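Student:
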Amino acid sequence: MSRRATGRRGGRRSRRARHRTFTEPTSRLGGLGVRGSSRTATHSRHAYVEVLPMRLGAVLKSKVLLTVCVLAAGLGMAGVAGADELFKATLTGDQEVPPVVTDTSGKAFFSLNKDETAIDFQLHVSDGVRITQSHIHCAPAGVNGPIIIFLGGLHAAGLDIDGKWVSNATITNTSIINTACGATLAAIAQQMRNGNTYANVHSVAHPGGVIRGQIAPAGD
Numbered sequence: 150m151s152r153r154a155t156g157r158r159g160g161r162r163s164r165r166a167r168h169r170t171f172t173e174p175t176s177r178l179g180g181l182g183v184r185g186s187s188r189t190a191t192h193s194r195h196a197y198v199e200v201l202p203m204r205l206g207a208v209l210k211s212k213v214l215l216t217v218c219v220l221a222a223g224l225g226m227a228g229v230a231g232a233d234e235l236f237k238a239t240l241t242g243d244q245e246v247p248p249v250v251t252d253t254s255g256k257a258f259f260s261l262n263k264d265e266t267a268i269d270f271q272l273h274v275s276d277g278v279r280i281t282q283s284h285i286h287c288a289p290a291g292v293n294g295p296i297i298i299f300l301g302g303l304h305a306a307g308l309d310i311d312g313k314w315v316s317n318a319t320i321t322n323t324s325i326i327n328t329a330c331g332a333t334l335a336a337i338a339q340q341m342r343n344g345n346t347y348a349n350v351h352s353v354a355h356p357g358g359v360i361r362g363q364i365a366p367a368g369d
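The following block contains the structure:
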């Protein structure tokens, strides 16, 4: 009798054990934004069955896509909010007052930071002969104006330049030597937008300026 009772109890225990279920958290899914996910497995005498939520793949795909879209939108907005304002000038002899006949030409590029406290710039001169210095002047097209900011020089003997002359240079409020267009870069930047400043390159042969170009927003 004790053996039969023991056998029945043992049999009942073994049957319960063969039909035990367990839940295993899938911690890796938490990193993909799926909370509380798990997988359930059932052990039986005949089979091992793993059950996954049927729409798990679709959920993961949609959440990953949404995350990518949000990040892209955020980066795009950050890029717009933090973008520098760009200006340019194309320098030629015929813009000088009076015009100068020369093969020399040039380009200047300016990048104003969003706080309007610094301007990074580059200056290129092609076929320049005995170039002495360069500046930003304050005046509209067709009018000579005073120097307000140095861009390059002084080289009294002159340099023959054919390519990039000045690069990785920065203008700040302390660079302003004349307040004709304003006492701050913010004020000067407004004059740049309005077409009231120009870049000028001087030479030994043309001390008043050999090439000149009005500074304007790069999109113009």
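Going by the numbering used here, the residue at position 139 of the sequence shown is 288; the numbering climbs one at a time, nothing skipped. Even glycine gets a Cβ: it sits at the ideal position worked out from N, Cα and C. Being a predicted model, the structure only gives us computed values, none of them experimental.
1) Taking the alpha helix (DSSP H) that Q244 belongs to, which residues open and close that run?
2) Out of T266, G358, N349, G357, which has the shortest C-alpha to C-alpha gap to I364?
3) Assuming L303 is part of the beta strand (DSSP E), what are its boundary residues?
4) What do you reckon, are the CB atoms on H296 and I326 nearer than 8 Å?
5) Is I360 closer than 8 Å to T266 when the C-beta atoms are compared?
6) Where does the unbroken beta strand (DSSP E) through A335 begin, and where does it stop?
7) Give me the Cβ distance between I320 and I268, rounded to the nearest whole Å; I'm assuming they're in contact under 8 Å.
8) Ignore the nearest five residues each way along the sequence and tell me which others in A367's own chain have a CB closer than 7 Å to its CB.
9) Apart from the five residues on each side of it in sequence, which residues of its chain come closer than 6 Å, Cβ to Cβ, to F259?
10) Leaving aside the five residues before and after G357 along the sequence, list all residues of the same chain whose C-beta is less than 8 Å from its C-beta, in chain order.
11) Could you tell me the distance, in whole angstroms, from the CA atom of S275 to the CA atom of G255?
12) Measuring CA to CA, which of G301, A288, M341 is closest to N317?
13) If we call anything under 8 Å between Cβ atoms a contact, is A305 one with N345?
14) Flag this pair as yes or no: are the beta carbons of V315 and L272 separated by less than 8 Å?
15) Given that a residue counts as buried once 16 or more other Cβ atoms are within 10 Å of its Cβ, and exposed if not, what is L303?
16) Counting along the chain, where does the beta strand (DSSP E) carrying C287 start and finish?
17) Between which two residues does the beta strand (DSSP E) harbouring I360 extend?
18) Take I298 and list the residues in its own chain whose beta-carbon comes closer than 8 Å to its own, dropping the five residues that flank it on each side.
19) According to the neighbour-count rule (16 or more other Cβ atoms, all chains shown, within 10 Å of its Cβ), is D290 buried or exposed?
Tutor: A quick look at the data gives this:
1) Element bounds for Q244: n/a, residue is neither H nor E.
2) N349
3) Looking at the DSSP string, L303 is not in any beta strand (DSSP E), and its letter there is neither H nor E.
4) For the sequence presented, residue 296 should be read as Ile rather than His. Yes.
5) no
6) Element bounds for A335: not the beta strand (DSSP E) but the alpha helix (DSSP H), 334 to 342.
7) 4 Å
8) L235, F236, K237
9) F236, I268, F270
10) E245, N293, H351
11) 6 Å
12) G301
13) no
14) yes
15) exposed
16) 267 to 287
17) 360 to 363
18) H284, I285, I320, S324, I325, I326, I337
19) The amino acid occupying residue 290 in the given sequence is Ala; Asp does not appear at that position. The residue in question, A290, is exposed, as its Cβ has fewer than 16 Cβ neighbours within 10 Å.
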